[in-house]
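Heads up: the sequence lines are chains A and B, in that order. All letters in the first sequence, in the order written, are residues 1 to 292 by my numbering. All letters in the second sequence, in the order written, are residues 1001 to 1273 by my numbering. Yeah, the Cβ is synthetic: ideal placement off N, Cα and C, and Gly gets one too.
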Amino acid sequence: MYIILGMAFQRNFYGDQYVFIHGTEIKGVQSFDGSWSIPRSNMLAAGYEYVGSEIEGVLEGDISISRLIVESSDPIVGHLGSEINGELVYGPNQSTSKSFWFDQGFVNSYSSSCSVGEVATSDFGITAYGSVGATHSNNSKKNNVSYNAITPKVATANSMTLTTSFGSTNAIQSYDLSLSLDLKPVYKMGNMFIPSKFEIATPIVISTSFEILTSDYEIENLYHSVCSTNFVENLAISLNEKCNGPEIRSFTLNNADLIGSSISAGIGDNLSISLEFENKFDDISTLVSAVF
Amino acid sequence: MSLFFKNLKATIDGQDYYAESVDLSESISIETFSALGTKGSYAFPSNKPEGSMNMTFYLSSEAEISNIEDQYGKTGFVNLKVGPFEMDFGLLNSFSVQADANSIIKGSVSYNYYGQMSSGSTPTKGTAEIVPAHGAASSGDFSDIGVSGILNFDYSFSQSHEVQYGLGDNAPSKVVFNEASKELSISAIVSDVDFSQTDLTGVNALCDGEPGDAGFTKKNISVTLNNLCQENVGSLSVSGYLSERSIGVEPGGEVVETVKVIEKFVRDANCDE
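Have a look at this one:
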């Protein structure tokens, strides 16, 4: 008989990890990636060589979260363009005593995609300009999380409605929608790396692309894009609950500009075409009310 | 003699500096002539060797700045030393500091020296760890010009001298101070600026106003330099008049106002002439 003595290592099971954004638990999370790095510059002085290193640059944290759409509302949309905090809460033995926290965060990207046979996703990224890492914030849910089961409302590929000029006769295989926000923080001297203001660069661009199995679609002539209305289209993506249930998420993209087309053919493959559209907005509130 | 960066410790008037870069250069004026009845030409030096030292350095202590400020408007020579190279007759030409919100603050200094450098033994490498002034921890008092917070600043001092030699002298015999000025230029977003306080003219147009008035009155502004541990590393101040302001903006950005205060510097004669 052997007795093994030593430290007991434990792991954090995914079922005991929770993601919160501005106090609201985010459901359907598939992955959470948080990081920070310190931009240190080495200092070299004549007569001494290395005399230390110092922070030079901006102190930012990066968070990226991927989700399956499992709810009929998306709390992230309401936070686009606004300052948010959030965290990944975890801890040994379901203690939820640890947190990867961030504040002064802004959503810098938002995307949604789905292909035949998949559940629709809705991913987003955040840049955090305040504290990032362990926290003593009263807003943290550390040690204050209770398991809250949900009945997922899954948006599957076969229950979505796509409004396009080509979808009725050409089988759409996938859509991919992405929005990126170019944040411009304003740093003042003496503020210890904390930005005092934020500006969002415009235009804010939403890119939408479709992959179709081609039946009768013919790619527009590039030179017809000069002074033509054929390159503007009203698009809509409606994600419905499985088995033709009610709509749980939608994206409306009126007056989308066709900016790219590609065709691909090969032996043994179906002829496929990819179409890429862009919508541009000059402020985030107009975008949110028009698209979501 | 092998010389490396690690051997070139920079010292000005006995004060050590942590130089990121240092350059020395010197030259001499040569007169050539020939004469009837001679073949070829002859040359002789028409002036003593003169040179310059330029240095960019980390600001890590109050003594570094005060040592340079002590030379503002003065005519006395200071000793310059860079590793084994030594110059006995140095005069401060310019000193400048630029800073922004997220960077290490460095100073740049320029000296003219008279007479050629001498060379001694090679110093050994020193050891040090510094915590330099940093823009994230440095701020200032700009209330006289109605500014509550700045994005960056640019401080500069410059002066000129006339160095005279006497017949039979190898070293300069007289130094005459010509002029000097120091300037502090700051940039701030317009929401942090009381626009009327940066007016170039006052309520009485170009006539001088009372201290504290907007417009053409004497303004005292200063920058306090701290390191990231919030330790004071020195200060830079200007007591002068608003001479320039400008407004600029880039796409997607906020409007930025830049203001410059300039102070003409008067020689401190110290009864030595």
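Have a look at the DSSP bridge pairing and note the partners of residue i.
{"i": "arginine 40 (chain A)", "result": "A:Ile55"}
{"i": "proline 1045 (chain B)", "result": "B:Ile1030"}
{"i": "phenylalanine 100 (chain A)", "result": "A:Leu88"}
{"i": "phenylalanine 124 (chain A)", "result": "A:Ile65, A:Tyr110"}
{"i": "glutamine 1164 (chain B)", "result": "B:Lys1174"}
{"i": "glycine 78 (chain A)", "result": "Paired residues: none, contrary to the question."}
Going by the beta-carbon positions, is the gap between residue i and residue j smaller than 7 Å?
{"i": "valine 116 (chain A)", "j": "leucine 68 (chain A)", "result": "no"}
{"i": "valine 29 (chain A)", "j": "isoleucine 65 (chain A)", "result": "yes"}
{"i": "asparagine 279 (chain A)", "j": "isoleucine 206 (chain A)", "result": "yes"}
{"i": "serine 1191 (chain B)", "j": "asparagine 1152 (chain B)", "result": "no"}
{"i": "proline 1049 (chain B)", "j": "glutamate 1026 (chain B)", "result": "yes"}
{"i": "serine 81 (chain A)", "j": "isoleucine 284 (chain A)", "result": "Checking the sequence, you will find glycine at residue 81 (chain A) rather than serine. Taking 7 Å as the Cβ cut-off, glycine 81 (chain A) and isoleucine 284 (chain A) qualify as a contacting pair."}
{"i": "glycine 1140 (chain B)", "j": "valine 1223 (chain B)", "result": "yes"}
{"i": "glycine 1135 (chain B)", "j": "methionine 43 (chain A)", "result": "no"}
{"i": "lysine 1260 (chain B)", "j": "glutamate 1183 (chain B)", "result": "yes"}
{"i": "serine 174 (chain A)", "j": "glutamate 211 (chain A)", "result": "yes"}
{"i": "isoleucine 1105 (chain B)", "j": "alanine 1133 (chain B)", "result": "yes"}
Start and end of the beta strand (DSSP E) containing residue i?
{"i": "threonine 208 (chain A)", "result": "204–213"}
{"i": "threonine 286 (chain A)", "result": "Segment 284–291 is the alpha helix (DSSP H) holding threonine 286 (chain A); no beta strand (DSSP E) there."}
{"i": "isoleucine 194 (chain A)", "result": "Careful: isoleucine 194 (chain A) lies outside any beta strand (DSSP E) and carries neither H nor E."}
{"i": "arginine 11 (chain A)", "result": "From DSSP, arginine 11 (chain A) is part of no beta strand (DSSP E); its letter is neither H nor E."}
{"i": "leucine 1236 (chain B)", "result": "1232–1248"}
{"i": "methionine 1087 (chain B)", "result": "1085–1100"}
{"i": "lysine 1106 (chain B)", "result": "1106–1114"}
{"i": "valine 116 (chain A)", "result": "Here valine 116 (chain A) belongs to no beta strand (DSSP E), and DSSP marks it neither H nor E."}
{"i": "lysine 1081 (chain B)", "result": "1078–1082"}
{"i": "threonine 161 (chain A)", "result": "155–163"}
{"i": "isoleucine 21 (chain A)", "result": "18–21"}
{"i": "phenylalanine 166 (chain A)", "result": "Per DSSP, phenylalanine 166 (chain A) belongs to no beta strand (DSSP E) and is neither H nor E."}
{"i": "aspartate 1213 (chain B)", "result": "Premise fails: aspartate 1213 (chain B) is in no beta strand (DSSP E) and is neither H nor E."}
{"i": "leucine 275 (chain A)", "result": "272–281"}
{"i": "threonine 1056 (chain B)", "result": "1050–1058"}
{"i": "lysine 1264 (chain B)", "result": "1256–1265"}
{"i": "glutamate 233 (chain A)", "result": "232–241"}
{"i": "glutamate 71 (chain A)", "result": "Element bounds for glutamate 71 (chain A): n/a, residue is neither H nor E."}
{"i": "alanine 260 (chain A)", "result": "What sits at residue 260 (chain A) in the sequence shown is glycine, not alanine. Taken as a continuous stretch (DSSP letters only), the beta strand (DSSP E) holding glycine 260 (chain A) covers 247–264."}
Rounding to the nearest angstrom, what Cα-Cα distance links residue i and residue j in this structure?
{"i": "serine 1237 (chain B)", "j": "valine 1175 (chain B)", "result": "27 Å"}
{"i": "glycine 15 (chain A)", "j": "leucine 271 (chain A)", "result": "42 Å"}
{"i": "serine 1173 (chain B)", "j": "glutamine 1116 (chain B)", "result": "16 Å"}
{"i": "glutamate 1257 (chain B)", "j": "serine 112 (chain A)", "result": "42 Å"}
{"i": "valine 1255 (chain B)", "j": "leucine 253 (chain A)", "result": "33 Å"}
{"i": "glutamate 1273 (chain B)", "j": "alanine 1180 (chain B)", "result": "In this prediction, glutamate 1273 (chain B) scores a pLDDT of 47, lower than 50, which makes its location untrustworthy; no coordinate-derived value is stated."}
{"i": "alanine 128 (chain A)", "j": "proline 92 (chain A)", "result": "26 Å"}
{"i": "asparagine 234 (chain A)", "j": "leucine 162 (chain A)", "result": "11 Å"}
{"i": "glutamate 276 (chain A)", "j": "serine 264 (chain A)", "result": "15 Å"}
{"i": "alanine 1043 (chain B)", "j": "leucine 1036 (chain B)", "result": "15 Å"}
{"i": "valine 288 (chain A)", "j": "threonine 156 (chain A)", "result": "24 Å"}
{"i": "glutamate 1069 (chain B)", "j": "isoleucine 1030 (chain B)", "result": "35 Å"}
{"i": "valine 1078 (chain B)", "j": "aspartate 1088 (chain B)", "result": "6 Å"}
{"i": "glycine 1240 (chain B)", "j": "alanine 1214 (chain B)", "result": "13 Å"}
{"i": "asparagine 1047 (chain B)", "j": "serine 1034 (chain B)", "result": "19 Å"}
{"i": "lysine 98 (chain A)", "j": "aspartate 123 (chain A)", "result": "24 Å"}
{"i": "asparagine 148 (chain A)", "j": "asparagine 138 (chain A)", "result": "21 Å"}
{"i": "lysine 197 (chain A)", "j": "valine 186 (chain A)", "result": "5 Å"}
{"i": "phenylalanine 102 (chain A)", "j": "isoleucine 219 (chain A)", "result": "46 Å"}
{"i": "asparagine 12 (chain A)", "j": "serine 1235 (chain B)", "result": "51 Å"}
{"i": "threonine 169 (chain A)", "j": "glycine 125 (chain A)", "result": "35 Å"}
{"i": "phenylalanine 9 (chain A)", "j": "isoleucine 248 (chain A)", "result": "42 Å"}
{"i": "isoleucine 1262 (chain B)", "j": "asparagine 255 (chain A)", "result": "55 Å"}
{"i": "aspartate 1199 (chain B)", "j": "serine 1061 (chain B)", "result": "35 Å"}
{"i": "isoleucine 1028 (chain B)", "j": "serine 1118 (chain B)", "result": "15 Å"}
{"i": "proline 39 (chain A)", "j": "asparagine 108 (chain A)", "result": "21 Å"}
{"i": "aspartate 1023 (chain B)", "j": "leucine 1008 (chain B)", "result": "11 Å"}
{"i": "glycine 1014 (chain B)", "j": "phenylalanine 1004 (chain B)", "result": "22 Å"}
{"i": "methionine 192 (chain A)", "j": "glutamate 83 (chain A)", "result": "19 Å"}
{"i": "serine 41 (chain A)", "j": "serine 215 (chain A)", "result": "58 Å"}
{"i": "threonine 229 (chain A)", "j": "asparagine 221 (chain A)", "result": "13 Å"}
Could you spell out where the alpha helix (DSSP H) holding residue i opens and where it closes?
{"i": "alanine 1137 (chain B)", "result": "Per DSSP, alanine 1137 (chain B) belongs to no alpha helix (DSSP H) and is neither H nor E."}
{"i": "serine 1066 (chain B)", "result": "1062–1069"}
Under 8 Å by Cβ, that's how I've got residue i and residue j pegged, so tell me the actual separation to the nearest angstrom.
{"i": "asparagine 1112 (chain B)", "j": "leucine 1080 (chain B)", "result": "With 8 Å as the limit, asparagine 1112 (chain B) and leucine 1080 (chain B) do not qualify as a contact, their Cβ atoms being about 10 Å apart."}
{"i": "isoleucine 273 (chain A)", "j": "tyrosine 217 (chain A)", "result": "6 Å"}
{"i": "glycine 86 (chain A)", "j": "histidine 22 (chain A)", "result": "6 Å"}
{"i": "tyrosine 1017 (chain B)", "j": "alanine 1128 (chain B)", "result": "That pair is no contact at about 11 Å."}
{"i": "valine 58 (chain A)", "j": "asparagine 1226 (chain B)", "result": "So it is not a contact: roughly 19 Å between Cβ atoms."}
{"i": "valine 154 (chain A)", "j": "lysine 242 (chain A)", "result": "5 Å"}
{"i": "phenylalanine 231 (chain A)", "j": "aspartate 257 (chain A)", "result": "6 Å"}
Practice task
Please list the residues of the stretch 1088–1104 of chain B that have a C-beta atom closer than 8 Å to any C-beta atom in chain E, keeping them in chain order.
Solution key: No chain E appears in this structure, whose protein chains are A and B.
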